[in-house]
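If you use the working numbering, the sequence shown closes out at 749, no skipped numbers anywhere. We put the beta carbon where it would ideally sit given N, CA and C, even for glycine.
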Amino acid sequence: MKTQKELRALIDQMTMEEKIGQLVQYNANVFTDTSQEATGPAAELGAKPEFLPVVGSSLNFQGADEMIRIQDEHLAGDRNKIPMIFMMDVIHGFRTIFPIPLGMGASFDEKLVEECTRMASKEAAAGGVQVSFTPMVDYARDARWGRVMETCGEEPLINGIMGAAQIRAFQGDDLSSPDSLGTCVKHFAAYGGAEAGRDYNTVEISERLLREYYLPAYKACLDAGATMIMPSFNSLNGVPSVANKWLMKKVLRDEWGFDGVVISDYYAIGELVLHGITDNLKDAAAMAFDCGCHMEMMSVGYQSHLKELIEEGKFTVEQLDDAVMRVLKLKNDLGLFDDPYHGASSAKEAAVCLSPEHRALAKKAAEKCAVLLKNNGVLPLDKETKRIALIGPFADEKAIKGFWACCGEDKDCVTVAEGIRALCPDAEVTVVKGCSALWDDKDTSGFAEAVKAAEAADTVILCVGEPQNYSGEGNSRADIGLPGLQTALVKEVAAANANNAMLLFTGRPLVLTDVEKSVGAILNMWFPGTEGGSAAASLLFGEANPSGKITMSFPKAVGQCPIYYNHPSTGRAKQTPEEVHQIYASNYIGCGNLPLYSFGHGLSYSNFVYEGFEIDSDTLTADGKITATVTVTNDSDRAGEEVVQLYMHDLFASAVRPIQQLIAFEKAAFAPHETKTITFEVREDMLRFYNAECEFVSEPGDFDLMVGYADHFAFTKRFKLV
Ligand code: BGC
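Now the structure itself:
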């Protein structure tokens, strides 16, 4: 480890080029692909060859060996011997892949998130990663946006809790420990607010909405000690984030006092020209540097222009040194000056990745993240079931790890067919694809075989969903139904055998209105990762009991998007039943306002009964608390877990309040027939919001507390804040 003084001395003797090099991040292929220097990645990017030896960091390399090779070559050529940092997107696993973050959110289990992240951290560190571009905590309400798979959805509280859990797990107590990684919160800010759910699209959001819903999760992650933050691609209220002075200077620097490293998103500084807020890269670099963006990922504005900007007096050397110091401090904290590989080696990588313990954890996670959306009693299946037909494109599909699966490989995933055959070796399992999951599939020639298999089976499992590359970055959809012919397949097969259940593979909430009435059950696996098929089997046959609850609403129709449970009251709330249209009220003709499945929904094989919701006082003072209790009984012979959710509604306030808002939850495990009293504390700080003047306050008055979820509240109690 170096002292602050040593770091200072190091900076003091560096040339301007060497300093700027610390602020530059290039893809690994820029360093490795030297075969065609005139046309290769370095030339395409515009990276100056004479600059390469002093570049301070890299991303997107393949494993420990490649990292070590690049690091060794770099150290041999850098007279300052400053190691590079190697970064990567370790979003839901490194080689062993656990469910996508939208699924991890549905677990409502921050301990599970920590456990899985720790596992990912071990694998990634062994594989040469030193900083992960996680957590992604973009608040999202629009399922058309492909990157909802990376978020925890429509509740800021959950996004913040899960983001902070990831930071604790990645960073541990000591960043220099060989199992720890630095973290980078992203995408600051409001990337998930992309208009019409189209990725990279513009974002226009009032300051109140931004502060109340979009910003809190980023802040929670910085409070948890995240080492880095990444401004988002989008323009926010007219100005792209990396050049947005209000966001970067007023909020991030002045209000939040962030003292870590800011890195641009991939080519985002170059994109300032494409956004059209300047016509040249030099200005773009100046805008970003002025906004406190210390590192530039994959564009060449700093490399090409920062020296000139300093010489022209636009920036001072002290400003450059401050940015360099932040980067060197991170390298020092990671222990790179002592061990430039941070403990990585291919032997270690081979030993930890996909180890039996990691696979077991991935299976547990996939079980805990799955959400049972519907069940008419067909699930769980009897393990003695003889003839099982697995029908649909995901019946024996290995591509179930999901987008952003880092170094995970499809070939390592357990398919549903493999999982069921392993669990029920005596069953006769028939697999029929029926059709593909592609949106433009027109070939129904497989339907007849699917129907025949369904007729001959005791039980049918319909394995349907979106291909894994229909969500994630750049993969927005305007129609979020089951793609292609799958709805027709589900209907035909379900008509042939009523004893059926549907297994869903998806990176976003889908519109299932057309299929949900045809099937007996829907078990949503999201993209479950490496052990998806074994987890699906244990859930289907009741070895595991579903306990996930969705954190993003499943709309009835895509036209309801953006749809979210915590929406503000309107002056025209409707009085008629959901399906009846009421003129001059805020509702749709022929659809209703409610989603098909609301935030907080998720069934179990156990039957949880709620009784006796009590509060110990109907008055809350600013420094006091109310204790709320509810008794929950597992009225079944099956052990299970239940997420008990507490919501509030501020009845009257100077700014319009949401009709419901999650303020606390507890995930509790119940033995068969066990009763537990769940206790929540309600304090004044939980009732704060941005008032009409956009100040963060609580306002005295009446509040309702509700237990249950969304439109299924079991109980309501009213209290007064005085
Ligand atoms: C994504 C970021 C990611 C970066 C590096 C970008 O395209 O928006 O989330 O961290 O690439 O892979």
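In summary, methionine 324 is buried, with 16 or more beta-carbon neighbours lying within 10 Å of its beta-carbon over all protein chains present. Look at which beta carbons fall closer than 7 Å to any heavy atom of the ligand BGC; those residues are Leu86, Asn87, Asp116, Phe160, Met163, Lys213, His214, Met257, Phe260, Asp292, Tyr293, Met324, Glu500.
Leaving aside the five residues that flank asparagine 56 on each side, the residues in its chain whose CB is nearer than 6 Å to its CB run, in chain order, Pro68. Tyrosine 497 sits buried, since 16 or more C-beta atoms from the chains shown fall within 10 Å of its C-beta. Here DSSP, grouped into helix, strand and coil, assigns serine 84 to strand. Following the DSSP letters along the chain, one finds glycine 446 inside the alpha helix (DSSP H) bounded by residues 443-450. Excluding five sequence positions before and after alanine 481, the CB atoms of its chain that fall closer than 7 Å to its own CB belong to Ala416, Ile418, Val487, Val520, Ala523, Asn524, given in chain order. For cysteine 490, the enclosing beta strand (DSSP E) stretches over residues 486-492.
Closest in alpha carbon position to cysteine 462, among Leu623, Cys451, Glu476, is Glu476.
With respect to the C-alpha of leucine 274, the residue from Tyr241, Val398, Ala600 having the closest C-alpha is Tyr241. Excluding five sequence positions before and after tryptophan 466, the CB atoms of its chain that fall closer than 6 Å to its own CB belong to Pro510, Gly511, given in chain order. Taken atom to atom, the span from the alpha-carbon of tyrosine 218 to that of valine 230 is near 7 Å. Annotated as distal: glycine 209 and alanine 244, with beta-carbon spacing of 7 Å or more.
The residues Ala313, Phe342, in chain order, have a CB closer than 6 Å to that of leucine 336 in the same chain once the five nearest residues on each side in sequence are set aside.
Taking C-beta separations shorter than 8 Å and ignoring five residues to either side along the sequence, the partners of tyrosine 227 in its chain run Ala221, Phe260, Asn261, Gly501, following chain order.
With respect to glycine 492, leucine 550 sits apart: the two C-beta atoms are not nearer than 7 Å. Distance between methionine 552 and threonine 533, taken at the CA atoms: about 7 Å. An exposed status is given to cysteine 721, since fewer than 16 other beta-carbon atoms sit within 10 Å of its beta-carbon.
Here alanine 563 carries a helix assignment [DSSP, helix/strand/coil]. In this chain, the alpha helix (DSSP H) harbouring alanine 387 covers 383-396.
At a Cβ-Cβ threshold of 7 Å, arginine 535 and alanine 170 count as neighbours. Residue environment analysis places valine 636 among the exposed positions, since fewer than 16 neighbouring C-beta atoms fall within 10 angstroms of its C-beta. Glutamate 668 is classed as buried because its beta carbon has at least 16 other beta carbons within 10 Å across all chains shown.
Contact between the stretch 158-166 and the stretch 710-725 is not established, with fewer than three Cβ pairs separated by less than 8 Å. Three or more pairs of CB atoms, one per stretch, sit closer than 8 Å, so the stretch 391-398 contacts the stretch 573-581.
As a beta-bridge residue in DSSP terms, glutamate 455 pairs with Arg414. By the CB criterion at 7 Å, tyrosine 53 and valine 82 fall inside the cutoff.
With 16 or more neighbouring CB atoms inside 10 Å of its own CB, glycine 627 falls in the buried class. Contact between the stretch 630-648 and the stretch 586-595 is absent, with fewer than three C-beta pairs closer than 8 Å. For alanine 548, the enclosing beta strand (DSSP E) begins and ends at 548-551. Listed in chain order, the non-local C-beta contacts of methionine 131 below 8 Å within the same chain comprise His119, Phe125, Leu139, Val140, Cys143, Cys179, Met189, Ala392, Cys396, local neighbours out to five positions each way being set aside.
No Cβ-Cβ contact shorter than 7 Å links threonine 557 with threonine 42. For arginine 745, the three-state secondary structure derived from DSSP is strand. Looking at Gly586, Tyr611, Pro604, Val607, the one whose alpha-carbon comes closest to that of glycine 598 is Tyr611. Sixteen is the threshold: since fewer than 16 other Cβ atoms of the shown chains lie within 10 Å of the Cβ of aspartate 201, the residue is exposed.
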